[in-house]
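Visitor:
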Amino acid sequence: MSKTISQINAKIARGTVRVLRADEMTAIVRDLGPERAAAEVDVVTTGTFGAMCSSGVWLNFGHTEPPIKMGRVWLNDVEAYAGVAAVDAYLGATQPSRSRGIAYGGAHVIEDLLRGRPVTLRAVACGTDCYPRKRIVTTLTLGDLNAAVMSNPRNGYQRYMAAVNSGPRTLQTYMGKLLPRFGNVSFSGAGALSPLSNDPSYRSIGVGTRIFLGGDVGYVTGPGTQHSPQTGFGTLMVQGDLKRMSADFVRAAAFPGYGPTLYVGIGVAIPILDAAAARTAGVGDEDIFTGIADYGVPSRERPVLRRVNYAELKSGAVAIAGREVRTAPLSSFAAARRVADTLKRWIERGEFLLTAPVERLPSRGTVRPLDRRPIRPEDAGSVPSLQPSPDGRVAWDGTRCIECGACLSLCPNGVFRRNRSWKIRAVPSLCVGCRLCAGACPVGAIRPPDRSGREEAARDKTAHPY
Ligand code: SF4
Ligand code: SF4
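When you read off a place in the sequence shown, starting at 1, and then add 953, the result is the number in my numbering.
1) Give every residue of the same chain whose Cβ lies closer than 7 Å to the Cβ of residue 962, excluding the five residues on either side of it in the sequence, and list them in chain order.
2) Taking only heavy atoms of ligand 1 into account, decide whether any of them is closer than 7 Å to the Cβ of residue 1394.
3) List, from N- to C-terminal side, the alpha helix (DSSP H) runs of 4 residues or more that fit wholly inside the region 1235-1316.
4) Under 7 Å: does the beta carbon of residue 1367 sit that close to some heavy atom of ligand 2?
5) Rounded to whole angstroms, what is the Cα-Cα separation between residue 1067 and residue 1186?
6) Using three-state DSSP, classify residue 993 as helix, strand or coil.
7) My output table needs one value for residue 986: the three-state DSSP class, helix, strand or coil.
8) Compute the minimum distance between the beta carbon of residue 1303 and the heavy atoms of ligand 2, and state whether it is under 7 Å.
9) Let me confirm a value: residue 1177 is counted as buried when at least 16 other C-beta atoms fall within 10 Å, else exposed. Which label applies?
10) Between residue 1404 and ligand 1, is the CB less than 7 Å from at least one heavy atom?
11) Compute the Euclidean distance between the alpha carbons of residue 1256 and residue 965, then round it to the nearest angstrom.
12) Work out the CA separation of residue 1040 and residue 1412 for me, nearest whole Å.
13) Suppose you measure from the CA of residue 1097 to the CA of residue 1174; what does that come to, to the nearest Å?
14) Anyone know if the C-beta pair for residue 1389 and residue 1354 falls short of 8 Å?
15) Residue 1013 lies in the alpha helix (DSSP H); which residues open and close that run?
16) When burial is assigned at 16 or more other CB atoms within 10 Å of the CB, is residue 1407 buried or exposed?
17) Rounding to the nearest angstrom, what Cα-Cα distance links residue 1092 and residue 1073 in this structure?
18) State the beta-bridge partners of residue 1094 as determined by DSSP.
19) Using a threshold of 8 Å, state whether the C-beta atoms of residue 1142 and residue 1003 are closer than that.
20) Is residue 1193 near ligand 4, judged by its Cβ being under 7 Å from some heavy atom?
21) Less than 8 Å separating the beta-carbons of residue 1214 and residue 1042?
22) In whole angstroms, what is the alpha-carbon distance linking residue 1109 and residue 1090?
23) Within 7 Å: the Cβ of residue 1206 and any heavy atom of ligand 2?
24) Could you tell me whether the Cβ atoms of residue 1260 and residue 1242 are closer together than 8 Å?
25) Can residue 1247 and residue 1138 be called in contact, C-beta distance under 8 Å?
26) Taking the alpha carbon of residue 1342 as the point to measure from, which residue in 1398, 1321 and 1330 has its own alpha carbon closest?
27) Can you list, in chain order, the stretches of the beta strand (DSSP E) that have 3 or more residues and sit fully within the region 1313-1384?
28) Exposed or buried, which one is residue 1409 when buried takes at least 16 other CB atoms within 10 Å?
29) Could you spell out where the beta strand (DSSP E) holding residue 1074 opens and where it closes?
30) Would you kindly work out how many angstroms separate the C-alpha atoms of residue 960 and residue 1225, rounded to a whole number?
31) Does the distance from the CB of residue 1024 to the CB of residue 1079 come in under 8 Å?
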């Protein structure tokens, strides 16, 4: 017997839907088998709440008077990336503060915003004719922002390597404090509650899936960066509205010696369409395996000392090299259950409908490391500038032209032309050398006749402004 998402949504609307938390589903599938479990249960809710370093927010500050094209931006002295036009910036969770060091960073600014605290914005600019302002310092709150969109490139790992340290000194890592000589094991992930562990072939979780994100509704926008399905380490790229989120499910943290990170609550509702969906959603901690990697070896290829399942990791101790080593999670299982319970409540109240993915996540592919290669000038990426025309007229390179049309209104002599389908061409023989077209072409397809002083000035304007 199988169901469709529409049929499940109809049950949600009628208030007759049967929803279980993922860890409750484990026992149901074990007791009834997947066929009967699929008949009994419509939706399984998952949840995870862990350190998700690859997180951040897009912020839109609004235009000032006079306007500014912010070139560099700091919020509470934490730099945000501003190379996206005038008044937008992306604040990454792990970016540390200039003045407070690694104890405070982008994650803390995000939590401060969420808690309604005022945040100091500083921005500098090079100043342009259309954006003459060069500097601004002000305070703002989340309510002042036009947009605050959480956009996390890589969250919700399907599973995560546990960490141990064979070396002689304590290591301070993003996996927390690792005591020397196998003193402890640190692990991450929510085990049986983890969203992708309950849908390992990405049948229900895909692009466009509506999810719980930070206490509000969010969406999966694609596979996360470093999505590595062939090794069982799938990830999600997610997005949601920070303004509607809750500080109960978005919390800043800082690991000594490593720096800031953001704890984010994510939950996905898995539709139990058939016995296959029930079987995968019935996964238990003992079925989900990961490796214990030795962070005492300073290499990206850290040796994996043994395979281990989440039941063992959660038990409090695992055997490594013939001895019992204590284990502790970095993720909160209590908060993960709260995520899954909240999502369950939303569905039972008819407030959250399920969605089918508009696109499946890739089920093939692995992550490649960054290999160092020799630096060659031809790899620098710059396009050689167009050479001046020997006859003193405009030089035009049709192979560079993107047919934007920006040059069309500038030449009084009709050098630049278009046909009815907006195909652009130039007739350099009509050029009289007035240079009105200088600087008009955004891709360097036009080189007006040289005049040394003006050329110098034009070059100065292309220098890096900060
Ligand atoms: S230099 Fe003057 S005449 Fe020549 S193409 Fe440019 S705008 Fe036209
Ligand atoms: S401005 Fe440059 S890219 Fe745009 S149509 Fe003219 S030559 Fe082509």
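Glycine included, each C-beta is placed from N, C-alpha and C at the ideal position. If you're wondering where the values come from, they're calculated on a predicted model, not measured in any experiment.
Guide: Looking at the coordinates:
1) 1306 and 1307
2) no
3) 1263-1267 and 1286-1301
4) no
5) 30 Å
6) helix
7) helix
8) no
9) buried
10) no
11) 48 Å
12) In this prediction, residue 1412 scores a pLDDT of 48, lower than 50, which makes its location untrustworthy; no coordinate-derived value is stated.
13) 26 Å
14) no
15) Counting along the chain, residue 1013 falls outside any alpha helix (DSSP H), though it belongs to the beta strand (DSSP E) covering 1009-1013.
16) For residue 1407, the predicted model reports a pLDDT of 46, less than 50, meaning its position is unreliable and no value from the coordinates is stated.
17) 4 Å
18) None, per the DSSP bridge assignment.
19) yes
20) Summarising the ligand content, the structure contains ligand 1 and ligand 2 and does not contain ligand 4.
21) no
22) 36 Å
23) no
24) yes
25) no
26) 1398
27) 1369-1371 and 1377-1379
28) With a pLDDT of 44 at residue 1409, under the threshold of 50, the modelled position of that residue is not reliable, and the figure given next carries that caveat. That one is exposed.
29) 1072-1077
30) 11 Å
31) yes
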